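Participant:
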Amino acid sequence: MAFPGFTAHQALAPATGRYRSGATRDGGMIAVVPASFAFDCSDKADGNYPHPTKCDHYIACVAHEHAYELPCAMGHDGQRLHYVQDSGPNPATSRCDYPEVAGCQA
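In the UniProt record's numbering, the protein residues as written are 1 to 106.
1. Would DSSP call E65 helix, strand or coil?
2. Apply the 10 Å Cβ neighbour rule to V84 and answer buried if 16 or more other Cβ atoms are within range, or exposed otherwise.
3. Below 8 Å CB to CB, which residues in the same chain sit around C72 once its five sequence neighbours on both sides are set aside?
4. Given this structure, state the Cα-to-Cα distance separating Y68 from V101, to the nearest angstrom.
5. Hey, would you say the C-beta of T53 is under 6 Å away from at least one heavy atom of the ligand MG?
6. Going by DSSP, what residues sit across from C96 in a beta bridge?
7. DSSP three-state label for A106, please.
8. Would you grab the beta carbon distance between P99 and N48 for me? Rounded to a whole angstrom, and I think it's under 8 Å.
9. Let's see if you can read the secondary structure: which residues bound the beta strand (DSSP E) around N48?
10. Leaving aside the five residues before and after H51 along the sequence, list all residues of the same chain whose C-beta is less than 8 Å from its C-beta, in chain order.
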């Protein structure tokens with residue numbers, strides 16, 4: 001099952017309703033879960049947005065109504081990357097980077 005704004009193919013895990021992908025840089029599995037807080041995607045273009053409280057996560061808006069919370073990958077040095085605040089919602093340009101580059105102040 002493919003979703004706009006995601007860089008990897010997502011597969012539904014029927015038992016939990018969570019989406020999983022094995023396409024992380026650190027080789028681990030990630031769970032794509034509905035946001036655990038109210039994040040309004042109704043007036044936003046489909047794509048990725050900064051998480052309001054976690055620098056190392058971001059929110060993916062899908063179909064102008066669904067908000068999914070995703071973690072940034074791990075860097076090559078084992079440090080969790082941070083979402084680059086001004087990289088925009090376009091999945092082609094939005095990205096996670098090292099904290100000193102990302103500039104997150106959440």
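The beta carbon of each residue, even a glycine, is placed where N, CA and C say it ideally should be. Note that this is a predicted model, so its numbers are computed, not measured.
Facilitator: So, from the data block:
1. coil
2. buried
3. D56, H57, Y58, R80, L81, H82, Y83 and C96
4. 24 Å
5. This structure lacks the ligand MG, and indeed carries no ligand of any kind.
6. Y83
7. coil
8. So it is not a contact: roughly 18 Å between Cβ atoms.
9. G47 to P50
10. H57, Y58, I59, E69, Y83 and A106
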